[in-house]
Amino acid sequence: MATTRRLPRAERREQLLDAATRAFARSGFAATGLDEVAAEAGVTHVILYRHFASKTELYRAVLDRACKRLSKDVGPSTGDYDDDAVPALLRAAAADPDGFRLLFRHAAREPEFRDIVDRIRSAGTQIAHRHLADAVPAGPWHDWAAQLIPTLTLEAVIAWLDAGQPDPDSAARRINQTIQGALGAAG
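Numbering follows our numbering, with no gaps: position 85 of the sequence shown is 105.
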(Lines of atoms letter the chains of each structure in order from A and count residues from 1; the text may use other names and numbers.)
(Lines give C-alpha, C1' and ligand atoms only; values in the text may rest on other atoms or scores of the structure.)
Protein backbone atom coordinates (compact mmCIF):
# COMPACT_ATOMS: atom_id res chain seq x y z
CA MET A 1 0.00 0.00 0.00
CA ALA A 2 1.25 3.48 -0.79
CA THR A 3 2.38 5.75 2.01
CA THR A 4 -0.55 7.60 3.52
CA ARG A 5 -0.09 11.35 3.78
CA ARG A 6 -0.85 12.75 7.21
CA LEU A 7 -3.94 14.93 7.04
CA PRO A 8 -5.57 17.14 9.66
CA ARG A 9 -8.18 15.12 11.58
CA ALA A 10 -11.24 16.85 10.07
CA GLU A 11 -9.87 16.53 6.54
CA ARG A 12 -9.05 12.84 7.05
CA ARG A 13 -12.55 12.22 8.43
CA GLU A 14 -14.11 13.78 5.32
CA GLN A 15 -11.83 11.69 3.10
CA LEU A 16 -12.93 8.55 4.94
CA LEU A 17 -16.61 9.52 4.70
CA ASP A 18 -16.23 10.16 0.96
CA ALA A 19 -14.57 6.78 0.44
CA ALA A 20 -17.10 4.98 2.64
CA THR A 21 -19.98 6.62 0.76
CA ARG A 22 -18.61 5.32 -2.55
CA ALA A 23 -17.91 1.85 -1.17
CA PHE A 24 -21.26 1.45 0.60
CA ALA A 25 -23.17 2.83 -2.41
CA ARG A 26 -21.92 -0.04 -4.54
CA SER A 27 -23.34 -2.83 -2.35
CA GLY A 28 -24.95 -1.49 0.81
CA PHE A 29 -23.99 -2.02 4.43
CA ALA A 30 -24.06 -5.81 4.81
CA ALA A 31 -22.14 -6.59 1.63
CA THR A 32 -19.39 -4.00 2.16
CA GLY A 33 -16.47 -4.78 4.43
CA LEU A 34 -14.14 -2.37 6.14
CA ASP A 35 -11.37 -3.76 3.92
CA GLU A 36 -13.18 -2.30 0.93
CA VAL A 37 -13.66 1.05 2.65
CA ALA A 38 -9.99 1.22 3.70
CA ALA A 39 -8.88 0.30 0.16
CA GLU A 40 -11.22 2.91 -1.34
CA ALA A 41 -9.73 5.54 0.99
CA GLY A 42 -6.16 4.33 0.44
CA VAL A 43 -5.59 3.94 4.18
CA THR A 44 -5.01 1.17 6.69
CA HIS A 45 -7.56 -0.23 9.12
CA VAL A 46 -5.69 1.53 11.91
CA ILE A 47 -6.45 4.93 10.41
CA LEU A 48 -10.07 3.95 9.80
CA TYR A 49 -10.48 2.83 13.43
CA ARG A 50 -8.94 6.08 14.72
CA HIS A 51 -11.99 7.85 13.36
CA PHE A 52 -14.76 5.27 13.64
CA ALA A 53 -15.10 2.56 16.28
CA SER A 54 -17.09 0.22 14.03
CA LYS A 55 -18.55 -0.31 10.60
CA THR A 56 -21.97 0.62 12.03
CA GLU A 57 -20.66 3.92 13.39
CA LEU A 58 -19.04 4.69 10.03
CA TYR A 59 -22.22 3.88 8.11
CA ARG A 60 -24.36 6.01 10.43
CA ALA A 61 -21.91 8.89 9.93
CA VAL A 62 -22.18 8.47 6.15
CA LEU A 63 -25.99 8.44 6.31
CA ASP A 64 -26.08 11.42 8.68
CA ARG A 65 -23.86 13.42 6.33
CA ALA A 66 -26.05 12.50 3.35
CA CYS A 67 -29.14 13.63 5.31
CA LYS A 68 -27.50 16.95 6.20
CA ARG A 69 -26.50 17.56 2.60
CA LEU A 70 -29.99 16.71 1.41
CA SER A 71 -31.58 19.02 3.97
CA LYS A 72 -29.19 21.84 3.06
CA ASP A 73 -29.87 21.45 -0.68
CA VAL A 74 -33.61 20.77 -0.56
CA GLY A 75 -34.67 22.48 2.63
CA PRO A 76 -36.00 21.18 5.91
CA SER A 77 -38.20 18.10 5.79
CA THR A 78 -40.97 20.13 7.42
CA GLY A 79 -41.09 22.48 4.43
CA ASP A 80 -43.73 22.73 1.75
CA TYR A 81 -43.95 21.56 -1.81
CA ASP A 82 -43.42 24.33 -4.35
CA ASP A 83 -42.24 24.70 -7.95
CA ASP A 84 -38.59 24.34 -6.91
CA ALA A 85 -39.06 21.15 -4.85
CA VAL A 86 -38.36 18.60 -7.59
CA PRO A 87 -35.56 20.63 -9.24
CA ALA A 88 -33.94 21.04 -5.81
CA LEU A 89 -34.21 17.30 -5.19
CA LEU A 90 -32.63 16.58 -8.58
CA ARG A 91 -29.78 19.03 -7.87
CA ALA A 92 -29.18 17.40 -4.48
CA ALA A 93 -29.14 13.92 -6.03
CA ALA A 94 -26.79 15.03 -8.80
CA ALA A 95 -24.46 16.67 -6.28
CA ASP A 96 -24.24 13.54 -4.11
CA PRO A 97 -25.53 10.57 -6.13
CA ASP A 98 -23.87 7.96 -3.93
CA GLY A 99 -25.27 9.51 -0.76
CA PHE A 100 -28.73 9.75 -2.34
CA ARG A 101 -28.62 6.10 -3.40
CA LEU A 102 -27.43 5.08 0.06
CA LEU A 103 -30.35 6.80 1.72
CA PHE A 104 -33.13 5.79 -0.61
CA ARG A 105 -31.96 2.49 -2.06
CA HIS A 106 -29.72 0.79 0.49
CA ALA A 107 -30.64 2.19 3.92
CA ALA A 108 -34.33 1.82 3.07
CA ARG A 109 -33.75 -1.95 2.80
CA GLU A 110 -31.49 -2.32 5.83
CA PRO A 111 -33.56 -2.78 9.00
CA GLU A 112 -30.84 -1.43 11.29
CA PHE A 113 -30.80 1.92 9.43
CA ARG A 114 -34.31 2.15 8.04
CA ASP A 115 -35.32 4.62 10.78
CA ILE A 116 -33.37 7.36 9.03
CA VAL A 117 -35.22 6.89 5.75
CA ASP A 118 -38.56 6.35 7.48
CA ARG A 119 -38.27 9.82 9.07
CA ILE A 120 -37.60 11.40 5.68
CA ARG A 121 -40.46 9.51 4.02
CA SER A 122 -42.84 10.34 6.87
CA ALA A 123 -42.03 14.04 6.51
CA GLY A 124 -42.58 13.77 2.74
CA THR A 125 -45.96 12.11 3.31
CA GLN A 126 -46.99 14.89 5.73
CA ILE A 127 -45.99 17.53 3.17
CA ALA A 128 -47.95 15.66 0.48
CA HIS A 129 -51.02 15.50 2.76
CA ARG A 130 -50.92 19.30 3.14
CA HIS A 131 -50.30 19.85 -0.56
CA LEU A 132 -53.12 17.51 -1.59
CA ALA A 133 -55.73 19.09 0.69
CA ASP A 134 -57.28 21.12 -2.15
CA ALA A 135 -56.67 18.61 -4.95
CA VAL A 136 -57.94 15.31 -3.54
CA PRO A 137 -60.84 14.87 -1.12
CA ALA A 138 -60.00 13.44 2.29
CA GLY A 139 -60.27 9.68 2.45
CA PRO A 140 -58.44 6.57 1.33
CA TRP A 141 -57.41 7.93 -2.09
CA HIS A 142 -56.01 11.05 -0.46
CA ASP A 143 -54.00 8.86 1.94
CA TRP A 144 -52.88 6.66 -0.96
CA ALA A 145 -51.69 9.66 -2.99
CA ALA A 146 -49.90 11.19 0.02
CA GLN A 147 -47.88 8.00 0.41
CA LEU A 148 -47.41 7.41 -3.31
CA ILE A 149 -46.12 10.84 -4.35
CA PRO A 150 -42.97 10.94 -2.17
CA THR A 151 -42.18 7.32 -3.07
CA LEU A 152 -42.79 7.95 -6.76
CA THR A 153 -40.65 11.09 -6.68
CA LEU A 154 -37.70 9.43 -4.93
CA GLU A 155 -37.81 6.37 -7.20
CA ALA A 156 -38.01 8.64 -10.26
CA VAL A 157 -34.90 10.51 -9.11
CA ILE A 158 -33.00 7.25 -8.47
CA ALA A 159 -34.03 5.95 -11.90
CA TRP A 160 -32.83 9.25 -13.39
CA LEU A 161 -29.46 8.84 -11.63
CA ASP A 162 -29.20 5.22 -12.77
CA ALA A 163 -29.95 6.23 -16.36
CA GLY A 164 -26.97 8.62 -16.32
CA GLN A 165 -28.88 11.81 -15.47
CA PRO A 166 -30.34 12.35 -18.95
CA ASP A 167 -31.56 15.77 -19.98
CA PRO A 168 -31.37 17.42 -16.55
CA ASP A 169 -33.19 20.49 -17.86
CA SER A 170 -36.38 18.53 -18.53
CA ALA A 171 -36.07 15.89 -15.78
CA ALA A 172 -38.00 17.95 -13.21
CA ARG A 173 -40.79 18.64 -15.71
CA ARG A 174 -41.07 14.92 -16.52
CA ILE A 175 -41.15 13.94 -12.85
CA ASN A 176 -43.77 16.60 -12.15
CA GLN A 177 -45.87 15.24 -15.05
CA THR A 178 -45.65 11.80 -13.45
CA ILE A 179 -46.77 13.26 -10.12
CA GLN A 180 -49.70 14.98 -11.86
CA GLY A 181 -50.66 11.61 -13.35
CA ALA A 182 -50.74 10.10 -9.87
CA LEU A 183 -52.85 13.03 -8.65
CA GLY A 184 -55.26 12.48 -11.54
CA ALA A 185 -55.59 8.84 -10.60
CA ALA A 186 -56.30 9.76 -6.98
CA GLY A 187 -58.85 12.46 -7.72
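Yeah, the Cβ is synthetic: ideal placement off N, Cα and C, and Gly gets one too.
How long is the line joining the alpha carbons of Asp103 and His151, rounded to whole angstroms? Rounded to whole angstroms, Asp103 to His151 spans 12 Å at the Cα level.
Just the Cα atoms here: how many angstroms apart are Ala50 and Ala39? Each residue's alpha carbon lies about 16 Å from the other.
Does DSSP put Phe133 in a helix, a strand or coil? Coil, per DSSP.
Using beta-carbon positions only, say whether Leu109 and Val177 come within less than 8 Å of one another. Using a Cβ distance threshold of 8 Å, Leu109 and Val177 count as a contacting pair.
Which residue comes first and which comes last in the alpha helix (DSSP H) that contains Gly201? Looking at the DSSP string, the run of the alpha helix (DSSP H) that includes Gly201 is Pro188 to Ala206.
With 8 Å as the threshold, decide whether the Cβ of Arg33 is near any Cβ in chain B. Here there is only one protein chain, and chain B is not present.
Apart from the five residues just before and just after Val156, which ones in its own chain have a Cβ nearer than 6 Å to its Cβ? Sequence-distant partners of Val156 (beyond 5 residues in either direction) whose C-beta falls short of 6 Å from its own C-beta, in its chain, are His162, Ala165, Ala206 and Gly207.
Near Thr171, which residues of its chain fall below 6 Å by C-beta distance, leaving aside the five closest residues on each side in sequence? Only residues of its own chain outside the window of five on either side were considered, and among them none has a CB closer than 6 Å to the CB of Thr171.
Applying the 10 Å Cβ sphere with the 16-neighbour rule, what's the burial state of Val63? That one is buried.
Could you give the C-beta distance for Glu14 and Ala43, rounded to a whole number, given that I count them as a contact under 8 Å? Residue coverage of the chain in this structure runs from 21 to 207, which leaves residue 14 outside it and unanswerable.
Measure the alpha-carbon distance for Ser47 versus Ala58 and round it to whole angstroms. Looking at the two C-alpha atoms, the distance is approximately 15 Å.
Taking the alpha helix (DSSP H) that Ser47 falls in, what are its first and last residues? It spans Arg29 to Ser47 - the alpha helix (DSSP H) in which Ser47 sits, taken as one unbroken run.
Please determine if the segment 88-97 and the segment 110-126 are in contact, where contact requires at least 3 C-beta pairs separated by less than 8 Å. Yes, they touch.
What residue range is occupied by the uninterrupted alpha helix (DSSP H) comprising His71? Here the alpha helix (DSSP H) through His71 covers His65 to His71.
Got a sec? Which residues, its chain only, sit under 8 Å from Ala22 by beta carbon, not counting five neighbours each side? Bear in mind that the predicted position of Ala22 carries a pLDDT of just 47, short of 50, making it unreliable; the figure below should be weighed with that in mind. Closer than 8 Å at the Cβ level, and outside the excluded window around Ala22, lie Gly62.
Decide if Gly53 is buried, meaning its Cβ has at least 16 other Cβ atoms within 10 Å, or exposed. Counting Cβ neighbours within 10 Å, Gly53 comes out exposed, since fewer than 16 surround it.
Short Cβ contact (8 Å threshold) for Leu37 with Arg85: Arg85 sits close to Leu37, with the two beta carbons spaced by under 8 Å.
So what's Gly159 in DSSP terms, helix, strand or just coil? DSSP places Gly159 in coil when its eight states are reduced to three.
Assigned secondary structure, Gly184 (DSSP; H/G/I helix, E/B strand, else coil): Reduced to three states, the DSSP call for Gly184 is coil.
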